[in-house]
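**Student:** Those protein sequence lines, which keep their order, are chains A and B. By the working numbering, the letter at position 192 of the first sequence is numbered 582, and the numbering carries on one by one without gaps. By the working numbering, the letter at position 62 of the second sequence is numbered 452, and the numbering carries on one by one without gaps.
There are 2 protein chains.
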Amino acid sequence: MKIGLDVMGGDYAPQNTVLGAIETFYELQTDTKIILLGDQNKITEICRENGFDPGNFTIIHCSESINMDEHPVKAYKKKTDSGIVVGFNLLKEGKIDAFASAGNTGAMLAGSVYTLGPVAGIMRPCISAEVPMLNGKKMLILDVGFNSDSKPDVLYQFGILGSVYARTMMGVENPRVALLNIGVEEEKGNMVTREAYKLMSDSSDFNFVGNMEANNFFTGDIADVLVTDGFAGNIALKQAEGMYDLMQQLGIENRHIERFNYENYGGTPVLGISAPVIIGHGASSPTAISNMILQAERALRYKLTEKFKEALTNG
Amino acid sequence: MKIGLDVMGGDYAPQNTVLGAIETFYELQTDTKIILLGDQNKITEICRENGFDPGNFTIIHCSESINMDEHPVKAYKKKTDSGIVVGFNLLKEGKIDAFASAGNTGAMLAGSVYTLGPVAGIMRPCISAEVPMLNGKKMLILDVGFNSDSKPDVLYQFGILGSVYARTMMGVENPRVALLNIGVEEEKGNMVTREAYKLMSDSSDFNFVGNMEANNFFTGDIADVLVTDGFAGNIALKQAEGMYDLMQQLGIENRHIERFNYENYGGTPVLGISAPVIIGHGASSPTAISNMILQAERALRYKLTEKFKEALTNG
């Protein structure tokens, strides 16, 4: 299987991305190949500087790159020889099997929707993140920023996507799905969550365990999957980043807190589209890049996209 | 001035509430009186157990109390001799000047709106909280749970309320008002925040400094006032509580983190209504109760309600 990596994406690209690819090279199964998309000279140079044979990678030279602060859709349309656009085209043509970038998030989402497209039956693809829990496990939160306005039936479908992801990728047998809300009672919340609660409590598609309040975000072992719209989800996720920053600034070191280090974290998979796509944090370290590639490999091994298709067909 | 305290409200009432009132007694200015509303025998007993003369308080016996888990509006209508209902009636009649309770939040909001009513021109009163900042100051966040669906013009008015509060109660000369959002750019966010941004950026009523992302919640010194709807605001505030809980569970002690201890914190003032009302956390300690009473005293001294009225008249 072939995993494409946009080498020019991220605040510390191409240095961190190439180093991340080198780091993963030794971790991947033998039939997994990394395809690097970006400036061939720079890639070769960074490999050589680090005593690594660039011939271990397939390098596809791209003459352009989309910057972090460019308008995503405009840049995606215009920069057809950027790593992101080339990556999505290769993915669509089946020349690579998964694609990862720590670059412009909006451009990655544009490619996910416009070039690749959703799995049949999916109303709105979304992005997700795994939040460290105190018991050593993780909780998947989705959507974390793609759909800032989500209708109740879209939230319901996030429950399906999250449940499939947790079962397939996190090894949770019967994932507990909760709805992020401002009270545990059914009638609490805004118009959308009150309606979504009703849909979810009738669900036979997943194991709905009710509303979850944000004071349980860090400490509660209430849910394996936390469903929310992209506005509240983005706030919750970024506030967790802020918590990590606070600990850094206070000089507090702790093994559990270190799990929130978004520079090492890996990426947010785009869920509900027709191939594995992982978007990394702009500040991704080589370790984070490496983790993104490993995440993509696992998504392919565990046939995540096929599981989404099955769930939507059976539903 | 007379400050009413519902003695029966809170998870540890009446013990913590009476102890809190005793604690504040020595802190208040001489012309401030505390009026305790609740079970007279219990109040007298707790005072005596703690070597305090109950004659220092005015006690108004109330035969009922609204429980934490009762339906707020139903309970408020039915339990007319509860501390909360009696308190709002006294406040309306001008027999007390401010009112505080750590009891049923919904019932406190019902009283604020139905019995007391908003300041003329206020579309939606809201509740707020002061978040500790790293520089030792605080940031006011509003709404934190009253209006889970807020229209753009309501968010705009929260900017006015917050700005007046920060100037009057927090001593900030020209408060920086930010909008909680999922990106700093104008076009980021959901339908409501995008529209609110436009209104706010034209504002002459307050000093709008743009969008603020949640990763700055704990560490950024970006705003003195953070405006959001009651859904996202409640999530942000509760997640801060969750951060404190996490630190407790990890055994991390730190002077700054301790400022997030919601058991000691004080209360969330209801803003935009015609008298100072403070709602405490259910888990309030005696110190939190004491802080709520001091908060109410400051609101009266600094004529907070009058400042709201002026701002709405000038606007």
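Where is the CB? At the ideal position from N, CA and C, for every residue including glycine. Since the structure is predicted, the reported quantities are computational estimates derived from the model, not experimental observations.
How would you label valine 582 (chain A), buried or exposed, when you count the other beta carbons within 10 angstroms and need 16 or more for buried?
**Tutor:** Taking the first residue of the first sequence as 1, we reach residue 582 (chain A) at position 192. Buried, since its Cβ has 16 or more Cβ neighbours within 10 Å.
**Student:** Taking contact to mean at least 3 C-beta pairs separated by less than 8 Å, is the segment 454-468 of chain B in contact with the segment 684-701 of chain A?
**Tutor:** They do not touch, by the three-pair rule.
**Student:** Return the bridge partner residues of serine 338 (chain A) from the DSSP annotation.
**Tutor:** Not covered by the structure: residue 338 (chain A). The range shown for chain A is 391 to 705.
**Student:** Could you tell me whether the Cβ of glutamate 631 (chain A) comes closer than 8 Å to any Cβ of chain B?
**Tutor:** Along the first sequence, one-based indexing puts residue 631 (chain A) at 241. At least one chain B Cβ lies under 8 Å of glutamate 631 (chain A).
**Student:** Closer than 8 Å by C-beta to serine 538 (chain A): which residues in its own chain qualify, once you throw out the five before and the five after it? Chain order, please.
**Tutor:** Taking the first residue of the first sequence as 1, we reach residue 538 (chain A) at position 148. Here the set comprises Asp619, Gly620, Phe621 and Asn624.
**Student:** Report yes if the C-beta distance between leucine 427 (chain B) and valine 397 (chain B) is below 8 Å; otherwise report no.
**Tutor:** For this step, residue 427 (chain B) is matched to residue 37 along the second sequence. For this step, residue 397 (chain B) is matched to residue 7 along the second sequence. Yes. Within cutoff.
**Student:** Would you mind giving the Cβ-Cβ distance between leucine 395 (chain B) and alanine 510 (chain B), rounded to the nearest angstrom? I have them listed as a contact below 8 Å.
**Tutor:** Counted from its first residue, the second sequence places residue 395 (chain B) at position 5. Counted from its first residue, the second sequence places residue 510 (chain B) at position 120. At roughly 28 Å, the Cβ-Cβ gap does not stay under 8 Å, so leucine 395 (chain B) and alanine 510 (chain B) are not in contact.
**Student:** Among the candidates B:Thr495, B:Ala411, B:Lys528 and B:Ser453, whose CA atom is the shortest distance from the CA of valine 476 (chain B)?
**Tutor:** Here residue 476 (chain B) refers to the residue found at position 86 when the second sequence is read from its first residue. Checking every option, the nearest Cα to that of valine 476 (chain B) belongs to B:Ser453.
**Student:** Tell me which residues of the segment 594-609 of chain B have at least one Cβ-Cβ distance to chain A shorter than 8 Å, keeping chain order.
**Tutor:** From the segment 594-609 of chain B, only Glu603, Ala604, Asn605, Asn606, Phe607, Phe608 and Thr609 have a Cβ closer than 8 Å to chain A.
**Student:** With a threshold of 8 Å between beta carbons, is isoleucine 531 (chain B) in contact with chain A?
**Tutor:** As a working mapping, residue 531 (chain B) is identified with position 141 in the second sequence. Cβ-Cβ to chain A under 8 Å: no for isoleucine 531 (chain B).
**Student:** Output the distance between the C-alpha atoms of lysine 628 (chain B) and leucine 524 (chain B), rounded to the nearest integer angstrom.
**Tutor:** By one-based count along the second sequence, residue 628 (chain B) stands at place 238. By one-based count along the second sequence, residue 524 (chain B) stands at place 134. Between lysine 628 (chain B) and leucine 524 (chain B), the C-alpha separation is close to 19 Å.
**Student:** So, is threonine 703 (chain A) buried or exposed, given that buried needs 16 or more other C-beta atoms within 10 angstroms?
**Tutor:** In the first sequence, the residue the question calls residue 703 (chain A) occupies position 313. Threonine 703 (chain A) is exposed by the Cβ-count criterion.
**Student:** Of all the residues that make up the segment 458-469 of chain B, which are near chain A by a beta-carbon distance shorter than 8 Å?
**Tutor:** Flagged: no residues at all.
**Student:** Could you tell me which chain A residues have their CB closer than 8 Å to the CB of aspartate 383 (chain B), listed as they occur along the chain?
**Tutor:** Because chain B is modelled from 391 through 705, residue 383 (chain B) falls outside the range shown and cannot be assessed.
**Student:** What residue does the alpha helix (DSSP H) around aspartate 543 (chain A) start on, and which one ends it?
**Tutor:** If you number the first sequence from 1, residue 543 (chain A) lands on position 153. Residues 542-559.
**Student:** Give the straight-line distance between the Cα atoms of valine 544 (chain A) and glutamate 585 (chain A), rounded to the nearest whole angstrom.
**Tutor:** Within the first sequence, numbered from 1, the residue matching residue 544 (chain A) stands at position 154. Within the first sequence, numbered from 1, the residue matching residue 585 (chain A) stands at position 195. Roughly 11 Å between the two C-alpha positions.
**Student:** Give the range of the beta strand (DSSP E) segment to which valine 599 (chain A) is assigned.
**Tutor:** For the purposes of this step, residue 599 (chain A) is identified with residue 209 of the first sequence, where counting begins at 1. Element bounds for valine 599 (chain A): 597-602.
**Student:** Select from the segment 516-547 of chain B all residues with a C-beta closer than 7 Å to any C-beta belonging to chain A, and list them in chain order.
**Tutor:** Under the 7 Å Cβ criterion, the segment 516-547 of chain B contributes Leu524, Gly535, Ser538 and Asp539.
**Student:** Going along chain A in order, which residues have a C-beta closer than 7 Å to the C-beta of methionine 581 (chain B)?
**Tutor:** Working through the second sequence from its first residue, we reach residue 581 (chain B) at position 191. Those are Asp539, listed as they occur along chain A.
**Student:** For isoleucine 663 (chain A) and methionine 513 (chain A), I'd like the C-alpha separation in whole angstroms.
**Tutor:** Numbered from 1 along the first sequence, position 273 holds the residue referred to as residue 663 (chain A). Numbered from 1 along the first sequence, position 123 holds the residue referred to as residue 513 (chain A). Going from the Cα of isoleucine 663 (chain A) to the Cα of methionine 513 (chain A) covers about 10 Å.
**Student:** Find the residues of chain A that neighbour asparagine 651 (chain B), judging by a C-beta separation of less than 8 Å, and give them in chain order.
**Tutor:** Reading the second sequence from its first residue, position 261 is the one you call residue 651 (chain B). Those within 8 Å of asparagine 651 (chain B) in chain A number zero; the least Cβ separation is about 13 Å.
**Student:** Please report the distance separating the alpha-carbon of glycine 410 (chain B) from that of isoleucine 669 (chain B).
**Tutor:** Taking the first residue of the second sequence as position 1, residue 410 (chain B) is located at position 20. Taking the first residue of the second sequence as position 1, residue 669 (chain B) is located at position 279. Their Cα atoms are separated by approximately 14 Å.
**Student:** Do phenylalanine 447 (chain A) and isoleucine 474 (chain A) have their CB atoms nearer than 8 Å?
**Tutor:** As a position in the first sequence, residue 447 (chain A) is number 57, starting the count at 1. As a position in the first sequence, residue 474 (chain A) is number 84, starting the count at 1. No, the pair does not count as a contact, with Cβ atoms beyond the cut-off.
**Student:** Beta carbon of isoleucine 486 (chain B), beta carbon of isoleucine 412 (chain B): below 8 Å?
**Tutor:** Taking the first residue of the second sequence as position 1, residue 486 (chain B) is located at position 96. Taking the first residue of the second sequence as position 1, residue 412 (chain B) is located at position 22. In this structure, isoleucine 412 (chain B) does not lie closer than 8 Å to isoleucine 486 (chain B) by Cβ.
**Student:** How about glutamate 687 (chain A) and threonine 422 (chain A): are their beta carbons less than 8 Å apart?
**Tutor:** Mapped onto the first sequence, residue 687 (chain A) falls at position 297. Mapped onto the first sequence, residue 422 (chain A) falls at position 32. Result yes, Cβ atoms of glutamate 687 (chain A) and threonine 422 (chain A) sit closer than 8 Å.
**Student:** So valine 463 (chain B) and alanine 492 (chain B) are supposed to be a Cβ contact under 8 Å. How far apart are they, rounded?
**Tutor:** As a position in the second sequence, residue 463 (chain B) is number 73, starting the count at 1. As a position in the second sequence, residue 492 (chain B) is number 102, starting the count at 1. 19 Å between Cβ atoms; not a contact.
**Student:** State whether the segment 541-557 of chain A contacts the segment 632-641 of chain A, with contact taken as three or more CB pairs (one from each stretch) at a distance under 8 Å.
**Tutor:** In short, these stretches do not touch, since the Cβ pair count stays below three.
**Student:** If the cut is a Cβ gap below 7 Å, which residues of chain A does aspartate 639 (chain B) touch?
**Tutor:** Stepping through the second sequence from its first residue, residue 639 (chain B) is reached at position 249. Looking at the sequence itself, residue 639 (chain B) is glutamine, so the reference to aspartate does not match. Under the 7 Å cutoff, chain A gives Leu524 and Thr609.
**Student:** Please go through the segment 579-635 of chain B and give each complete beta strand (DSSP E) segment of 3 or more residues, from N-terminal end onward.
**Tutor:** Listed in chain order, the complete beta strand (DSSP E) runs (minimum 3 residues) inside the segment 579-635 of chain B are 597-602 and 615-617.
**Student:** Short of 8 Å in beta carbon distance, which residues of its chain neighbour isoleucine 709 (chain B), apart from the five on each side in sequence? Order them along the chain.
**Tutor:** Residue 709 (chain B) cannot be examined here, being either before or after the span of chain B that is shown, 391 to 705.
**Student:** Are the beta-carbon atoms belonging to threonine 505 (chain B) and asparagine 479 (chain B) less than 8 Å from one another?
**Tutor:** Position 115 of the second sequence holds residue 505 (chain B). Position 89 of the second sequence holds residue 479 (chain B). Their beta carbons are under 8 Å apart, which means threonine 505 (chain B) touches asparagine 479 (chain B) by this criterion.
**Student:** Taking the alpha-carbon positions, what's the alanine 403 (chain B) to lysine 527 (chain A) distance?
**Tutor:** Taking the second sequence and counting its residues from 1, the one referred to as residue 403 (chain B) is at position 13. Taking the first sequence and counting its residues from 1, the one referred to as residue 527 (chain A) is at position 137. Those two C-alpha atoms are separated by around 37 Å.
**Student:** Check the Cβ-Cβ distances between leucine 589 (chain B) and every residue of chain A, and say whether any is below 8 Å.
**Tutor:** For the purposes of this step, residue 589 (chain B) is identified with residue 199 of the second sequence, where counting begins at 1. So no, leucine 589 (chain B) is outside the interface.
**Student:** Leaving aside the five residues before and after glutamine 547 (chain B) along the sequence, list all residues of the same chain whose C-beta is less than 8 Å from its C-beta, in chain order.
**Tutor:** As a first step, residue 547 (chain B) must be located in the second sequence, where it is residue number 157. Cβ neighbours of glutamine 547 (chain B) beyond the five flanking positions: Ile512, Met513, Arg514 and Gly662.
**Student:** Relative to the alpha-carbon of aspartate 635 (chain B), which residue among B:Asn406, B:Phe415, B:Ala673 and B:Ile456 has its alpha-carbon at the smallest distance?
**Tutor:** Along the second sequence, read from residue 1 onward, the residue named residue 635 (chain B) stands at position 245. The candidate whose alpha carbon is nearest that of aspartate 635 (chain B) is B:Ala673.
**Student:** Of all Cβ atoms in chain B, is any one closer than 8 Å to the Cβ of lysine 432 (chain A)?
**Tutor:** The residue given as residue 432 (chain A) occupies position 42 in the first sequence. Answer no: the Cβ-Cβ gap between lysine 432 (chain A) and chain B never drops below 8 Å.
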